[in-house]
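In terms of the numbering used here, the sequence shown opens at residue 1 and continues consecutively. One structure is given here, and the rest of the page talks about it.
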Amino acid sequence: MRIWIDKLRRDRTLAPDAYRQLLATEDADAVDYLHRQAREVALSQFGHDIYIRGLIEVGNRCRNNCLYCGIRAANPSVARYELTKEEILDCCRHGHELGFRTFVLQGGERRGRYRMWEDVVSTIRATWPDCAITLSLGEMTREEYEGLRLAGADRYLLRHETYNADHYRMLHPEQMSRENRLQCLQWLKETGYQTGTGIMVGSPGQTIDCLVEDILFIGRFRPQMIGIGPFIPQHDTPLGQCKAGSADLTLRLLSIFRLMFPSALIPATTALATLLPDGKARGILAGANVVMPNLSPAACRSSYALYDNKAAAGTEAAEGLDLLKQELDKIGYRISMVRGDYRPTD
């Protein structure tokens, strides 16, 4: 197993069966070796710095009905909200005062909001020119992506969730298209964004072979950002009674992607921190180099209920930066207040 891990670090790719074995092995020493190699690679690229992003959950209204998501359109139980431009700017202002130099605007997917987002992005760009703007607002047209890029957006995160076509159909209604999702990712890259994609680990119906397909797709696509988080059920969804995904498998994938893409921006996700009390630290020690404390108004955080028991306080909150500093210090890392742009080293 170590031979394959060394080969992955050296060549940044493996044959499908080798990935399959890395994901399935019960050899604890091999898994520890995988994490150590990924950690060494991350340290060689970023030192002990962990980039922080200010997450602003701009609204939980969504036109989609993904079977796993708590803010799906058909969920009548969630209290809907949508931040105004002024409220978003207040979040940015507060974040800038705290030292954040990247703002991540994330929200449910809606039509007819493009002009509003264009206005918000251009205002943030003009007001805080030293900051990076990341968007995670779902599928749009190529022209809309181009317009938001021209308005000042730097990065866009659109997780494909699963590459396998049959598995995609298990998780999404007929109105949603895997092919359109992949097309959107291609448009984002062609438009000049630092582009991010990623997967949900352990969702119902997912197999090791599905994950290998995801690895191979991401290897071909070569994103600048990779988001890896475990599936966590939300009780008001059709998949609400399903078992949560594996934290161990999530961490293995995080390490595999770090070895494949040494300079990628890979967060220790809130979902991982929700599943494991020390999830953030374990993610960093497996090769992550980004964390995203929540800058959203406190009154709205519980309504952005993508999954149950979502962590939004303590080190997951912007007001918990001192706690985050202490947590990182315990494992030998430190907060970096720079923009933290992708820097290719290949």
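Ideal Cβ positions, reconstructed from N, Cα and C, are used throughout, including at glycine.
Anyone know if the C-beta pair for residue i and residue j falls short of 8 Å?
i      : j      : result
Lys106 : Asp154 : According to the sequence as given, residue 106 is Gln; it is not Lys. No, Cβ-Cβ distance for Gln106 and Asp154 is not below 8 Å.
Leu89  : Glu109 : no
Arg149 : Thr102 : no
His160 : Arg181 : yes
Ala42  : Gly287 : yes
Val58  : Gly70  : no
Gln224 : Gly196 : yes
Cys242 : Pro230 : no
Leu295 : Gly54  : yes
Gly283 : Leu251 : yes
Ala271 : Val291 : no
Val120 : Lys85  : yes
Pro293 : Leu321 : yes
Leu185 : Leu158 : yes
Ile5   : Tyr51  : no
Met1   : Ala28  : no
Ile331 : Leu285 : yes
Arg61  : Glu82  : yes
Ile256 : Leu67  : no
Is it buried or exposed for residue i, if we count other Cβ within 10 angstroms and need 16 for buried?
i      : result
Leu259 : buried
Thr127 : exposed
Ala74  : exposed
Lys280 : buried
Asp214 : buried
Ala132 : buried
Glu139 : buried
Arg72  : buried
His35  : buried
Glu144 : buried
Ala165 : exposed
Thr134 : buried
Ser302 : exposed
Glu179 : exposed
Thr141 : exposed
Glu26  : exposed
Gly47  : exposed
Run through the DSSP bridge pairs and tell me what residue i is partnered with.
i      : result
Glu350 : The chain is shown from 1 up to 346; residue 350 falls before or after that span and cannot be answered.
Val201 : Pro230
Asn294 : Leu55, Ala317
Gln194 : Arg155
Arg334 : Asp49
Pro382 : Outside the modelled stretch of the chain, which goes from 1 to 346, sits residue 382, for which no answer is possible.
Glu109 : Its beta-bridge partners do not exist; DSSP assigns none.
Ala30  : Answer by DSSP bridge pairing: none, since Ala30 is not bridged.
Going straight from the alpha carbon of residue i to that of residue j, what length do you get?
i      : j      : result
His172 : Thr345 : 37 Å
Thr274 : Asn309 : 7 Å
Asn65  : Ser263 : 34 Å
Gln37  : Ile3   : 12 Å
Gln45  : Ala299 : 38 Å
His96  : Lys189 : 28 Å
Glu146 : Gly152 : 10 Å
Cys91  : Ile56  : 7 Å
Leu239 : Glu40  : 38 Å
Glu174 : Ala247 : 30 Å
Phe221 : Arg12  : 14 Å
Asp341 : Ile226 : 13 Å
Met116 : Arg9   : 44 Å
Val104 : Met170 : 29 Å
Thr162 : His235 : 21 Å
Ala305 : Leu249 : 23 Å
Lys325 : Ala317 : 12 Å
Thr237 : Asp278 : 27 Å
Glu327 : Asp130 : 27 Å
Met176 : Leu254 : 27 Å
Asp49  : Pro76  : 42 Å
Met200 : Ile218 : 13 Å
Thr123 : Glu87  : 13 Å
Trp187 : Asn289 : 26 Å
Lys7   : His94  : 45 Å
Tyr114 : Arg20  : 41 Å
Quiz item: Is the region 328-336 touching the region 109-126, taking contact as three or more C-beta pairs under 8 Å?
Solution: Taking 8 Å as the limit for Cβ pairs, the verdict is that the region 109-126 does not touch the region 328-336.
Exercise. Evaluate contact between the region 206-224 and the region 6-22, counting only Cβ atoms and requiring at least three cross-stretch pairs below 8 Å.
Key: Judged by pairs of C-beta atoms under 8 Å, the region 206-224 touches the region 6-22, as three or more such pairs exist.
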